Structures are given as structure tokens and as C-alpha cells.
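Mind the numbering: the sequence shown is residues 23 to 237 in this note's numbering, read in order. Let me begin by presenting the structure, written as C-alpha cells, before commenting on it.
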Amino acid sequence: MRLRHIKGAEEEIAESPYVVQDPQSLKGRWHEFFGNDNPIRIEVGMGKGKFIMELAQMNPDINYVGIEKYSSVLIRALEKMSEMETPLDNIRFVRMDAEAITKVFGAGEVDRIYLNFSDPWPKDRHAKRRLTSDRFLPIYDQILKKDGIIEFKTDNQDLFRYSLESIPEAGWTVDAHTFDLHNSEMAEGNVMTEYETKFCSEGKPICKLVASRKK
Ligand code: SAM
């Protein structure tokens, strides 16, 4: 994703009612924060938020937290929220690096993790930065409830093949996968992300896998 500094983005994020400003204070208290016992699903690296905001609109009985590292990107999701006639009350955003996720969510507090079009980090020496690497999978293991799942989509076949290996190596099970999501049984109910829409229009096939800790 091309990143550029957006004037005033930090200030706007700091004042936004849709951004959790001190997410560490909510560790183990997210249900209390949302005011219900509905499942909590997170997208790590949500970008401009199209995917997770559409899910939140479709599923009012599920709580969503969109996580994004960069203010210049997160600000776009906030703009979308502000443009809505009725802003969604079942989604909030956190600006943070996924590395710190266990400081923000308690054990088993999250029901599902979405990883969409995560940065591929193609060089071997950067493999640990991939969101499906053995650095991140143990982090997800801590916050995901026992029967929780990870859903991962990418256009990048190398990253996908890598993930089909890294995930089982970390003790997880790949329950389903496809190298051509839109022409597969897994397409039902698919919600497109911003990147997915772009790659699709270029005719690129999309890969998807679902992983859990089932044995
Ligand atoms: N998920 C969106 C989509 O599919 O349209 C955006 C995909 S974009 C290629 C990847 C996004 O993940 C970027 O916005 C980037 O800033 C964010 N990101 C990458 N590494 C991250 C990390 N460690 N923690 C949080 N966000 C991250």
C-alpha cells in the first residue's frame, strides 16, 4: 500500500469516537466495552476498512475491531464512518502494530481473525514479518478462543504457499483452502476487500484458507 503523510490525520484519529484510544485498557473487557456478549472478530491490517465495515453492517450481532498500523490509511475508514447516515456501533478501530495484539486482547477474547491481502514480505530475511509466520501465529493462538478460526485471503501465490506450510508447522490445521476463491465453493458469502476488488478487476485469482486449532 502506498503510504503518504496526510496532514491532520493523527489529530483526527486522536479525536475520533470510532477509534479506541487506549486499547490496552480494554484487554479482557471488550465485551463490557461493546455492552453485549456478542462474538468479537478482528481484521489485522484492515487498510481503508471496506471489508470489516461491510461485515459489521451485515452482522449487527457481531462486534468487530479493525486494526491498522498506519494513520494515513486508518483515516480513510474514519471518513467512511462519518459519511454513514447511521454510524455503526458494532465496530471500532485501533491504530497499532499487530505485534502488540496480546496487550490489547485477553486469552480467548477473539472469536475470529481476518488477514486480508497482508503484505507479502517476499525476501527470506523478512519472513518473520509475514502475518502468517511463526512469529504471529503464537500471538493469534493466545487471543483466539478455543474453536476460533483464522481466515486469510491473498492474491500472492508465494505467500499463500508459504502459509499453507507455516500454519500446520505452527500446530494449526488448514480446514479449507482454494487457489481460486471466486470460482470455488468457498465463494459463498464472500465480502470483497479493497485490494480484492482491484486484483479481481485485473483478472487475478484470489487464494483463501481457513485455519483452526482442530486436530
Ligand atoms: N486488508 C486490506 C485489503 O485487503 O484491502 C488492506 C491490505 S494492505 C496490502 C495491508 C494493510 O495491512 C496495510 O494497510 C498495512 O498498513 C497493514 N499492516 C501491515 N502490517 C501490519 C501490522 N503488523 N499491524 C497492523 N497493520 C498492518
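Backbone N, C-alpha and C define an ideal beta-carbon position, used for all residues, glycine too. Here the structure is a predicted model, which is why all the values come from computation and not from measurement.
Proximity test, residue i beta-carbon vs the ligand SAM heavy atom, cut-off 7 Å
i      : result
Asp141 : yes
Asn138 : yes
Met75  : no
Glu120 : Residue identity differs from the one stated: residue 120 is Ala in this sequence, not Glu. Yes.
Thr215 : yes
Val95  : yes
Tyr92  : yes
Ile62  : no
Option nearest residue i by Cα separation, candidates the options
i      : options                       : result
Val196 : Glu173, Val232, Arg183        : Val232
Pro109 : Arg117, Glu76, Leu153, Asp119 : Glu76
Lys226 : Glu34, Tyr92, Phe139, Gly67   : Phe139
Tyr136 : Lys49, Phe55, Gly170, His53   : Gly170
Asp93  : Asp156, Glu34, Val213         : Residue 93 is actually Ser in this sequence, not Asp. Of the listed residues, the one whose Cα sits closest to Ser93 is Glu34.
Ala19  : Tyr162, Arg183, Glu54         : What is shown of the chain runs 23 to 237, which leaves residue 19 out entirely.
Glu32  : Glu207, Ile228, Ile97         : Ile97
Lys49  : Ile123, Asp59, Leu100         : Ile123
Start-to-end residues for the beta strand (DSSP E) that takes in residue i
i      : result
Arg114 : 113-117
Glu238 : This structure does not reach residue 238, given that the chain is present from 23 up to 237, and the question cannot be answered.
Glu65  : 62-66
Limits of the unbroken alpha helix (DSSP H) element including residue i
i      : result
Glu34  : 31-37
Phe221 : 216-223
Ile238 : Outside the displayed span of the chain (23 to 237) sits residue 238, for which this structure offers no information.
Lys102 : 93-105
Residues bridged to residue i [DSSP beta-bridge criterion]
i      : result
Thr200 : Lys230
Asn138 : Lys175
Val126 : According to DSSP, which records beta bridges pairwise, Val126 is partnered with nothing at all.
Segment contact flag, the segment 58-78 with the segment 105-125, C-beta cutoff 8 Å, min 3 pairs: Yes, since at least three Cβ pairs between the segment 58-78 and the segment 105-125 fall closer than 8 Å, the two stretches touch.
Given 8 Å, three or more beta-carbon pairs between the segment 200-208 and the segment 145-160: Taking 8 Å as the limit for Cβ pairs, the verdict is that the segment 145-160 does not touch the segment 200-208.
Validate contact between the segment 185-194 and the segment 158-177 using beta carbons, cut 8 Å, 3 pairs: Touching, yes, given that three or more Cβ pairs across the two stretches are closer than 8 Å.
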